[in-house]
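Below: the structure, in C-alpha cells.
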Amino acid sequence: MARRKKIYEGKAKTLYEGPEPGTIVQYFKDDATAFNAEKKDVIEGKGVLNNLLSEYFMVGLGQVGVPTHFLKRLNMREQLVRSCEIVPLEVIVRNYAAGTMSKRLGIAEGTQLPRPIVEYCYKDDSLGDPLVTEEHIAAFGWASQQDMDDILSLALRVNDFLSGIMYGVGIKLIDFKIEIGRIYDGDFQRLVVADEISPDSCRLWDIKTEQKLDKDVFRRDLGSLTDAYSEVARRLGLMPNNPASITKPTLIN
Ligand code: TYD
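Rendered as C-alpha cells:
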C-alpha cells in the first residue's frame, strides 16, 4: 500500500490524507498527556477504545440530527472523517463543577450546577488554552455571532444526548469538551461536531460510587486508564461482558 501523507500529528491522534478529496483518516494513538503535555505516558489499548467510543457517540449524534464530521470507522484504530477547518476554540459544557472551574471559583468538585454552563477556551497549547469570552471571539474574528449561536446550540444538544446516554448506563456526565469544524458546501458553510468524543475529553463518574471513569484516572494516578475506559465501553455494549469467552477455542463435536 502506498505510504499515506501525514497531515498533522497531535497529542492523541495522527491525521492522514483520506482516500478521496475532502476526507481525512484519524488514527487514534495510545499516547496519553495531561497538564498541557507535562505528564505523558503510553497506555496500551487507549487508542482502540477511544476510536470505538468516539464512533459510537458520533454515529448516535448523527442519528438524532446533530451534524458531525464522522464518516465511518475503518479499523481498530482509524476512522474516516470529513476534512474541516477547525474553529480555534475548545467548547466546554459543564453540568457539575470539576477541574479548572472548581479551582477558579472555589466550588467543590461534584457540585451540581444550576444549569449547564458553556465555556470557551482559545486553542493554543503554548498559551495553555486560556479561557476566553464571546467578546474575545468576536473581536479577534475566531467565529461570527451567527457561528457562536450555532456553536452554543450544538454544544447543548451534544450535552443532552451524552448526558442521557450516560445516565442510562449509570454514569454522570460531569463535563466535556468538543471541537467544532467548518465544512464548506459551495458558498455555504456549516458547522459540525469534529475531532473526537471520548473519555479523554469528558469527565464521567459512576452515579452510585462516584468512581472516575475518564482521563482524571491518568491525571490523578487513580488506577488503570484502560480499565476505566473499558468499563464505559462495556456498559455501552461495545465490548463483550466476558472477553475470555470469545478468545477461548470451543470444541465442536
Ligand atoms: P477543565 O476542567 O477546564 O480542564 P482540566 O481538564 O485541565 O482540569 O476541563 C473541562 C473538561 O473539558 C474536561 O472534561 C476536560 C475537557 N478538556 C479537554 O479535553 N481539553 C482541553 O483542552 C480542555 C481545556 C478541556
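Going by the UniProt record's numbering, the first residue of the sequence shown is number 1, and it counts up by one from there. Where a beta carbon is used, it is the ideal one built from N, C-alpha and C, also for glycine.
Going by the beta-carbon positions, is the gap between residue i and residue j smaller than 8 Å?
| i | j | result |
| --- | --- | --- |
| L71 | T23 | yes |
| D31 | A12 | yes |
| V238 | Y56 | Before going further, note that residue 238 is Leu rather than Val in the sequence given. Against a cut-off of 8 Å, the Cβ pair of Y56 and L238 comes out as a contact. |
| K177 | I92 | yes |
| I43 | T226 | yes |
| L204 | D195 | no |
| D150 | L191 | yes |
| M58 | I197 | yes |
| R157 | V66 | yes |
| D175 | A98 | yes |
| R94 | P116 | yes |
| K29 | Y16 | no |
| M148 | I137 | yes |
| L152 | V118 | yes |
| L49 | S230 | yes |
| Y122 | K172 | no |
| V25 | L80 | yes |
List the DSSP bridge partners of residue i.
| i | result |
| --- | --- |
| L80 | V25, K72 |
| I180 | V193 |
| D188 | Per the sequence shown, the amino acid found at residue 188 is Phe instead of Asp. BP columns for F188 point to D185. |
| R203 | D175 |
| K6 | Y16 |
| L131 | C121 |
| Y96 | Q112 |
| E85 | R182 |
From the DSSP output, in three-state form, read off residue i for me.
| i | result |
| --- | --- |
| residue 265 | No information on residue 265 is available, as it lies outside the stretch 1 to 253 that the chain covers here. |
| D31 | strand |
| L61 | helix |
| L236 | coil |
| E109 | coil |
| E55 | helix |
| E210 | coil |
Distance check for residue j and residue i, CA to CA, integer angstroms please.
| i | j | result |
| --- | --- | --- |
| D185 | C84 | 11 Å |
| G128 | F35 | 9 Å |
| E20 | Y8 | 17 Å |
| F161 | L61 | 7 Å |
| E179 | I252 | 50 Å |
| R235 | V169 | 6 Å |
| G45 | N51 | 10 Å |
| Y120 | S126 | 17 Å |
| G141 | R182 | 14 Å |
| I207 | F218 | 20 Å |
| T209 | F188 | 47 Å |
| residue 259 | V132 | Nothing can be reported for residue 259: it is not among the residues displayed for the chain, which extend from 1 to 253. |
| G193 | E78 | Checking the displayed sequence, the identity of residue 193 turns out to be Val instead of Gly. Those two C-alpha atoms are separated by around 18 Å. |
Considering residue i, what are the terminal residues of the beta strand (DSSP E) in which it resides?
| i | result |
| --- | --- |
| R115 | 112 to 122 |
For the alpha helix (DSSP H) holding residue i, just list the boundary residues, first then last.
| i | result |
| --- | --- |
| V42 | Segment 39 to 42 is the beta strand (DSSP E) holding V42; no alpha helix (DSSP H) there. |
| N36 | Per DSSP, N36 belongs to no alpha helix (DSSP H) and is neither H nor E. |
| K215 | Segment: none, K215 is in no alpha helix (DSSP H) and carries neither H nor E. |
| T100 | 99 to 105 |
| residue 268 | Outside the shown range of the chain, which is 1 to 253, sits residue 268, and nothing can be said about it. |
| D221 | From DSSP, D221 is part of no alpha helix (DSSP H); its letter is neither H nor E. |
| F161 | 145 to 168 |
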